[in-house]
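Chemist:
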Amino acid sequence: ERRRLARDLHDTVKQKVFALSLQVAAARQSGADPERLQQRLSEADALVEEIQRELADLLRELREDAGAAEDLIPALQRRLADFSRRSGLQVSTELPQTLNLAPTHAEAVLRIADEALANAWRHSAASAIQVSLRREAQRVCLQIADNGRGGARESRLGMGLTNMRQRAATLPMGEFVVNSPDDAGTEVSLIFELGE
5 ERRRLARDLH DTVKQKVFAL SLQVAAARQS GADPERLQQR LSEADALVEE
55 IQRELADLLR ELREDAGAAE DLIPALQRRL ADFSRRSGLQ VSTELPQTLN
105 LAPTHAEAVL RIADEALANA WRHSAASAIQ VSLRREAQRV CLQIADNGRG
155 GARESRLGMG LTNMRQRAAT LPMGEFVVNS PDDAGTEVSL IFELGE
């Protein structure tokens, strides 16, 4: 449980605090331009709200047992919109209208998506990201691909790839694959069985 909590904090709060620090640094560099300063402060406010929401979700998850299935899609759409606004990267999606998963499975998918997006933003020099989520019979496939420089390596990405692999392993028949040839972008794939 402690390891899972450490992964959750790394994949959510740490990522958002990193983004917040970038906004604060940009605000400091805005100099005498009040419009630019106001824009940076608005972005920082939005990040603080996201951090509060993530912490509330983590606390709720710690208090509750895994319960009834929940729809993954609205939460994923919110995160993708927040990420696109915060990063300035174009995010295109191919998502089903609904996908009900056990809460712990939905949380694992969301955390993997968060980490893959954060890695694309910080490490790939990408300008666009494609997110695809499909259900094929009893299997679910999430793919996140960027148009960046590729060459993703475990050592460069810190705990990110390790955390994604560990999360994938918590899903029924979970498989996690990274395809990242040099100069050809990175594609992260998560495949798992729909379970009880």
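5 is the number of the first residue of the sequence shown in this note's numbering; add one for each residue after it. Cβ atoms here follow ideal geometry from the backbone N, Cα and C, with glycine treated the same way.
1. Taking just the CA atoms, how far does Thr108 sit from Ala70?
2. Look up Phe180 in the DSSP assignment and give the residues it is bridged to.
3. Measuring straight from C-alpha to C-alpha, what distance separates Ser96 and Asp118?
4. Mind checking who Ala122 pairs with in its DSSP beta bridge?
5. Can you tell me where the alpha helix (DSSP H) holding Val21 begins and where it ends?
6. Which residues in the same chain as Arg17 place their Cβ atom closer than 7 Å to its Cβ, once the five residues preceding and following it in sequence are excluded?
7. Could you pull the start and end residues of the alpha helix (DSSP H) that Arg89 belongs to?
8. Are three or more beta carbon pairs between the stretch 189-200 and the stretch 164-176 nearer than 8 Å?
9. May I ask you to report which of helix, strand or coil DSSP gives Asp186?
10. Assuming Ala173 is part of the alpha helix (DSSP H), what are its boundary residues?
11. Alpha carbon to alpha carbon, how far is Arg90 from Cys145? Give it in angstroms, no decimals.
12. Along the beta strand (DSSP E) that carries Gln147, what are the first and last residues, could you check?
13. Taking the straight line between their C-alpha atoms, what separation do you get for Arg201 and Leu103?
14. DSSP three-state label for Ala70, please.
15. Checking the sheet assignment: what are the DSSP bridge partners for Arg138?
16. Figure out for me which residue from Leu24, Ser184 and Met168 has the closest Cα to the Cα of Arg7.
17. Ordered along the chain, which non-local residues of its own chain (more than five positions away) have a Cβ less than 7 Å from that of Gln27?
18. Return the chain-ordered list of same chain residues with a C-beta closer than 6 Å to the C-beta of Glu74, the five sequence neighbours on each side being excluded.
19. Tell me which residue opens and which closes the beta strand (DSSP E) that Thr97 is part of.
20. With 16 as the cutoff for other CB atoms within 10 Å, does Leu63 come out buried or exposed?
Modeler: So, to answer that:
1. Here Ala70 scores only 49 on pLDDT, less than 50, and its place in the model should not be relied on; the value that follows carries that caveat. One C-alpha to the other measures close to 6 Å.
2. Leu194, per the DSSP bridge assignment.
3. 15 Å
4. Bridge partners of Ala122: none, in fact.
5. Gln19 to Arg32
6. Residue identity differs from the one stated: residue 17 is Val in this sequence, not Arg. Cβ neighbours of Val17 beyond the five flanking positions: Ile55, Glu58 and Leu59.
7. Leu76 to Ser91
8. yes
9. Three-state DSSP puts Asp186 in coil, outside helix and strand.
10. For Ala173, the enclosing alpha helix (DSSP H) begins and ends at Gly164 to Ala173.
11. Going from the Cα of Cys145 to the Cα of Arg90 covers about 26 Å.
12. Arg143 to Asp150
13. Residue 201 cannot be examined here, being either before or after the span of the chain that is shown, 5 to 200.
14. The predicted position of Ala70 is uncertain, since its pLDDT is 49 and thus under 50; a value taken from the coordinates is nonetheless stated next. Of the three classes helix, strand and coil, the one that applies to Ala70 here is coil, per DSSP.
15. Cys145
16. Considering only Leu24, Ser184 and Met168, the residue with the shortest C-alpha distance to Arg7 is Met168.
17. Arg44, Glu47, Ala48 and Leu51
18. Pro107 and Ala110
19. Gln94 to Glu98
20. exposed
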